[in-house]
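First up is the structure itself, then whatever we jot down about it.
Protein chains: 2
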Amino acid sequence: MDMHPKARELLTGPNIGNLGYYGLDGHPRVLPVWFNLAGDDIEIASPPDAYKCRALRRDPRAVLTVSTPQAPYHVVSVSGRVDIEVLPEPRRIEYVSDLAHRYLGAEGGDAYLAKWIRGGHPGPGDLLRLPIERLRYTDVSGG
Amino acid sequence: MDMHPKARELLTGPNIGNLGYYGLDGHPRVLPVWFNLAGDDIEIASPPDAYKCRALRRDPRAVLTVSTPQAPYHVVSVSGRVDIEVLPEPRRIEYVSDLAHRYLGAEGGDAYLAKWIRGGHPGPGDLLRLPIERLRYTDVSGG
Numbered sequence: 001m002d003m004h005p006k007a008r009e010l011l012t013g014p015n016i017g018n019l020g021y022y023g024l025d026g027h028p029r030v031l032p033v034w035f036n037l038a039g040d041d042i043e044i045a046s047p048p049d050a051y052k053c054r055a056l057r058r059d060p061r062a063v064l065t066v067s068t069p070q071a072p073y074h075v076v077s078v079s080g081r082v083d084i085e086v087l088p089e090p091r092r093i094e095y096v097s098d099l100a101h102r103y104l105g106a107e108g109g110d111a112y113l114a115k116w117i118r119g120g121h122p123g124p125g126d127l128l129r130l131p132i133e134r135l136r137y138t139d140v141s142g143g
Numbered sequence: 001m002d003m004h005p006k007a008r009e010l011l012t013g014p015n016i017g018n019l020g021y022y023g024l025d026g027h028p029r030v031l032p033v034w035f036n037l038a039g040d041d042i043e044i045a046s047p048p049d050a051y052k053c054r055a056l057r058r059d060p061r062a063v064l065t066v067s068t069p070q071a072p073y074h075v076v077s078v079s080g081r082v083d084i085e086v087l088p089e090p091r092r093i094e095y096v097s098d099l100a101h102r103y104l105g106a107e108g109g110d111a112y113l114a115k116w117i118r119g120g121h122p123g124p125g126d127l128l129r130l131p132i133e134r135l136r137y138t139d140v141s142g143g
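As you go down the protein sequences, you meet chains A and B in turn.
Here the first sequence is numbered in my numbering, starting from 1 and rising by one per residue.
Here the second sequence is numbered in my numbering, starting from 1 and rising by one per residue.
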């Protein structure tokens with residue numbers, strides 16, 4: 001997918017993304033998430049059947065916004081419809097290990113995983129896949 | 001309003017908030033914004049009749065999520081229904097000046113305002129007011 005280099009930089013991070021979706025009560029929700037850009041899809045790992053998964057199964061419309069936390073501000077928003085697939089335990093462990101190390105570094109990632117892995121058996125998880133149907137990039141840096 | 005000290009710290013910032021609402025096409029939107037906690041309300045300044053204002057006039061349901069951009073992660077989400085009022089030019093100038101200096105510091109704020117103020121007459125603006133009807137605070141730091 002063609003995108004502005006700064007948009008690609010924001011999406012390849014590691015930066016926190018803010019996932020927007022419809023809550024089960026119809027109220028908008030925004031949740032900060034780790035994510036991974038895989039081709040033209042945004043992938044987000046989740047514990048199985050978490051609230052966001054139940055809500056997105058009912059209404060798959062979602063947006064992920066990523067911005068620089070401090071000036072100069074750049075913002076990218078990608079939107080589409082989320083598909084949820086099951087991540088079997090071995091793939092889940094591998095997937096979350098990669099994410100944790102990317103976001104927290106070697107040492108921080110190891111510490112996170114030691115708690116997360118629950119004695120080696122975290123069980124299967126969910127993988128949210130958001131195909132980028134629309135991308136908006138805004139340079140609000142005033143530069 | 002009673003809230004966890006860390007939630008209050010996140011809301012008194014200066015931190016970027018992510019405003020979630022429904023776009024005019026019904027798709028969720030998430031927009032990073034400067035904001036101000038005033039009593040039990042979140043205030044967000046906007047150019048007049050911006051997209052978010054038009055969308056929120058149609059469906060006022062909104063959420064503002066604020067999180068630490070890096071680990072240890074803390075997240076606060078406040079939700080409610082947005083009211084939009086007009087900020088007359090003098091109040092708008094004062095309001096945006098305060099925000100710009102709070103978010104960008106003395107020098108950065110001045111530089112921002114020099115561009116923003118359009119020769120001294122930015123005109124009136126909109127002020128989005130989100131009364132906190134519900135607050136969720138999550139400590140996901142693993143600490």
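Yeah, the Cβ is synthetic: ideal placement off N, Cα and C, and Gly gets one too.
Computed from a prediction, not measured in an experiment: that's the story for all the values here.
Backbone secondary structure at residue i - three-state DSSP
i	result
A111 of chain B	helix
Y73 of chain A	coil
V96 of chain A	helix
E89 of chain A	helix
H4 of chain B	coil
L127 of chain A	strand
L31 of chain B	strand
L135 of chain B	strand
A106 of chain B	helix
L24 of chain A	coil
Nearest residue (CA-CA) to residue i, options the options
i	options	result
W116 of chain A	A:R61, A:E94 and A:L130	A:E94
P90 of chain A	A:G120, A:G105 and A:T68	A:G120
S79 of chain B	B:N18, B:G13 and B:P14	B:N18
D139 of chain B	B:Q70, B:L99 and B:R129	B:Q70
R57 of chain B	B:G105, B:L99, B:P14 and B:L24	B:L24
L130 of chain A	A:P72, A:D98, A:P88 and A:R81	A:R81
D41 of chain B	B:R8, B:R92 and B:E107	B:R8
Y73 of chain B	A:D2, A:I16, A:K6 and A:A106	A:I16
I84 of chain B	B:E43, B:R118 and B:E107	B:E43
R92 of chain B	B:G105, B:R118, B:A106 and B:M3	B:R118
Cutoff 6 Å; reference residue i; Cβ partners in own chain excluding five residues on either side
i	result
S77 of chain B	V63, T65 and R136
Y103 of chain A	P14 and W34
N100 of chain B	A small correction: the amino acid at residue 100 of chain B is Ala; Asn does not occupy that position in the sequence shown. Within the same chain, A100 of chain B has close Cβ partners G109, Y112 and L113.
H4 of chain A	Y137
Residues near residue i in its chain [Cβ-Cβ closer than 8 Å; skip 5 each side]
i	result
V96 of chain A	A45, L113, W116, P122 and G125
D49 of chain B	D126
Y52 of chain A	Sequence check: residue 52 of chain A is Lys here, not Tyr. Only L19, Y21, R29, L31, S46 and L128 meet the Cβ criterion.
Cut-off 7 Å between Cβ atoms - residues of its own chain near residue i, not counting five sequence neighbours on either side
i	result
Y22 of chain A	P28, A55, D59 and R61
L11 of chain B	L37, V66 and V76
T68 of chain B	H74
Neighbour flag for residue i against chain E, beta carbons, 9 Å
i	result
Y137 of chain B	Of the protein chains in this structure, namely A and B, none is chain E.
Local Cβ density within 10 Å of residue i, reported as buried at 16 or more and exposed below that
i	result
V86 of chain A	exposed
G26 of chain A	exposed
Near the ligand HEM: residue i beta-carbon under 8 Å from a heavy atom
i	result
R129 of chain A	Summarising the ligand content, the structure contains no ligands, and the ligand HEM is consequently not present.
- prompt: For the segment 1 to 12 of chain A, which residues have a CB atom closer than 9 Å to at least one CB atom of chain B, in sequence order?
  reply: none
- prompt: If you measure beta-carbon to beta-carbon, which residues of the segment 85 to 99 of chain B are closer than 7 Å to chain A?
  reply: none
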